[in-house]
Amino acid sequence: EKEMPSKDEL
Amino acid sequence: MNIFRLAGDLSHLAAIIVLLLKIWKTRSCAGISGKSQILFALVFTTRYLDLFTNFISPYNTVMKMIYLGCAYATVYLIYMKFKATYDGNHDTFRAEFLVVPVGGLAFLVNHEFSPLEILWTFSIYLESVAILPQLFMISKTGEAETITTHYLFALGMYRALYLINWIWRYYFENFFDLIAIVAGCVQTILYCDFFYLYITKVLQGKKLSLPA
Numbered sequence: 102e103k104e105m106p107s108k109d110e111l
Numbered sequence: 094m095n096i097f098r099l100a101g102d103l104s105h106l107a108a109i110i111v112l113l114l115k116i117w118k119t120r121s122c123a124g125i126s127g128k129s130q131i132l133f134a135l136v137f138t139t140r141y142l143d144l145f146t147n148f149i150s151p152y153n154t155v156m157k158m159i160y161l162g163c164a165y166a167t168v169y170l171i172y173m174k175f176k177a178t179y180d181g182n183h184d185t186f187r188a189e190f191l192v193v194p195v196g197g198l199a200f201l202v203n204h205e206f207s208p209l210e211i212l213w214t215f216s217i218y219l220e221s222v223a224i225l226p227q228l229f230m231i232s233k234t235g236e237a238e239t240i241t242t243h244y245l246f247a248l249g250m251y252r253a254l255y256l257i258n259w260i261w262r263y264y265f266e267n268f269f270d271l272i273a274i275v276a277g278c279v280q281t282i283l284y285c286d287f288f289y290l291y292i293t294k295v296l297q298g299k300k301l302s303l304p305a
């Protein structure tokens, strides 16, 4: 799975 | 957004509000670790630096501002307004033993070696251990006010719900962030013995007291 920085989370 | 993440955010918001109200209404921060609250304010500050540069949604922006505002308000109440009720003798956990290693780790293990990303990573790692001074203080005093245990339960549940959110996002959105997941696991594990005491004692109507 592509790692995506979870910046849409609080 | 999925139900687990929304429930997690609302649990987090509830914890922050409950703590602020407890201090404000009782005009006392007895039993509350000021160090943990400073660490939480630091967590939000280093994580939400892109508050004004990276718009995601009204919900995201509003929640970040509430978290930041409440965190600083809580620190203000503890160290300024109700300073006389701050129990410094029991809030003795060496927070620098958390901040320094976490800062070093954020430099070494991150997604991208850029200032914003390293600060975000620092905030994720710091959040996972920020509750330690509070848990340490409770172990030292041997007890906690019931309202404080509700605060801790909501705070612990927030990241546990986020773990479920990450499982959900892994399967349905092909989303995966190992740093957040590992830190979230550590954070939730640190609450386990508190969860046990909360469920076996507080929910049975007893006061939370540790075998001193």
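Chains as they are written, first to last, in the numbering used here: chain Y, 102 to 111; chain E, 94 to 305.
Glycine included, every Cβ here is placed at the ideal spot set by N, Cα and C.
What number of angstroms, rounded off, separates the C-alpha of residue i from the C-alpha of residue j?
| i | j | result |
| --- | --- | --- |
| residue 135 (chain E) | residue 178 (chain E) | 23 Å |
| residue 181 (chain E) | residue 301 (chain E) | 21 Å |
| residue 276 (chain E) | residue 110 (chain Y) | 14 Å |
| residue 293 (chain E) | residue 252 (chain E) | 21 Å |
| residue 229 (chain E) | residue 254 (chain E) | 24 Å |
| residue 124 (chain E) | residue 172 (chain E) | 14 Å |
| residue 133 (chain E) | residue 213 (chain E) | 13 Å |
| residue 167 (chain E) | residue 100 (chain E) | 23 Å |
| residue 245 (chain E) | residue 127 (chain E) | 14 Å |
| residue 239 (chain E) | residue 295 (chain E) | 7 Å |
| residue 210 (chain E) | residue 161 (chain E) | 19 Å |
| residue 285 (chain E) | residue 224 (chain E) | 12 Å |
| residue 102 (chain Y) | residue 291 (chain E) | For residue 102 (chain Y), the predicted structure reports a pLDDT of 41, less than 50, and the residue's modelled location is therefore unreliable. A value from the coordinates is still provided. The straight-line gap from Cα to Cα measures roughly 37 Å. |
| residue 183 (chain E) | residue 119 (chain E) | 19 Å |
| residue 170 (chain E) | residue 114 (chain E) | 11 Å |
Take the Cβ of residue i as the centre, count every other Cβ of all protein chains shown within 10 Å, and call the residue buried at 16 or more, exposed below.
| i | result |
| --- | --- |
| residue 152 (chain E) | exposed |
| residue 104 (chain Y) | Only weak support exists for where residue 104 (chain Y) lies, its pLDDT of 46 falling under 50; the coordinates are left without a value. |
| residue 267 (chain E) | exposed |
| residue 104 (chain E) | buried |
| residue 150 (chain E) | exposed |
| residue 297 (chain E) | exposed |
| residue 260 (chain E) | exposed |
| residue 226 (chain E) | buried |
| residue 235 (chain E) | exposed |
| residue 158 (chain E) | exposed |
| residue 197 (chain E) | exposed |
| residue 34 (chain E) | Any property of residue 34 (chain E) remains undetermined from this structure, which presents chain E solely from 94 to 305. |
| residue 361 (chain E) | In the structure as shown, chain E starts at 94 and stops at 305, and residue 361 (chain E) therefore has no counterpart that could be examined. |
I'd like to know if residue i contacts chain Y, where contact means its C-beta is closer than 9 Å to some C-beta of that chain.
| i | result |
| --- | --- |
| residue 69 (chain E) | Lying before the first or after the last residue shown, residue 69 (chain E) is absent from chain E, which here runs from 94 to 305. |
| residue 134 (chain E) | no |
| residue 255 (chain E) | yes |
| residue 156 (chain E) | yes |
| residue 183 (chain E) | no |
| residue 98 (chain E) | yes |
| residue 102 (chain E) | yes |
| residue 149 (chain E) | yes |
| residue 107 (chain E) | no |
| residue 117 (chain E) | no |
| residue 273 (chain E) | yes |
| residue 213 (chain E) | yes |
Could you name the residues of chain Y that residue i contacts, counting a contact when the two beta carbons are closer than 9 Å?
| i | result |
| --- | --- |
| residue 180 (chain E) | Per Cβ cutoff of 9 Å: no residues; residue 180 (chain E) is ~30 Å from chain Y at best. |
Residues of chain Y with CB closer than 8 Å to the CB of residue i, please, in chain order.
| i | result |
| --- | --- |
| residue 153 (chain E) | 109 and 111 |
Is there a Cβ from chain E that is less than 9 Å from the Cβ of residue i?
| i | result |
| --- | --- |
| residue 105 (chain Y) | With a pLDDT of only 49 at residue 105 (chain Y), under 50, the local geometry of the prediction cannot be trusted, and no value is derived from it. |
field: Whole alpha helix (DSSP H) elements within the segment 247-304 of chain E, 4-residue minimum
entry: If we require 4 residues or more, the alpha helix (DSSP H) runs fully inside the segment 247-304 of chain E come out as 271-283 and 285-293.
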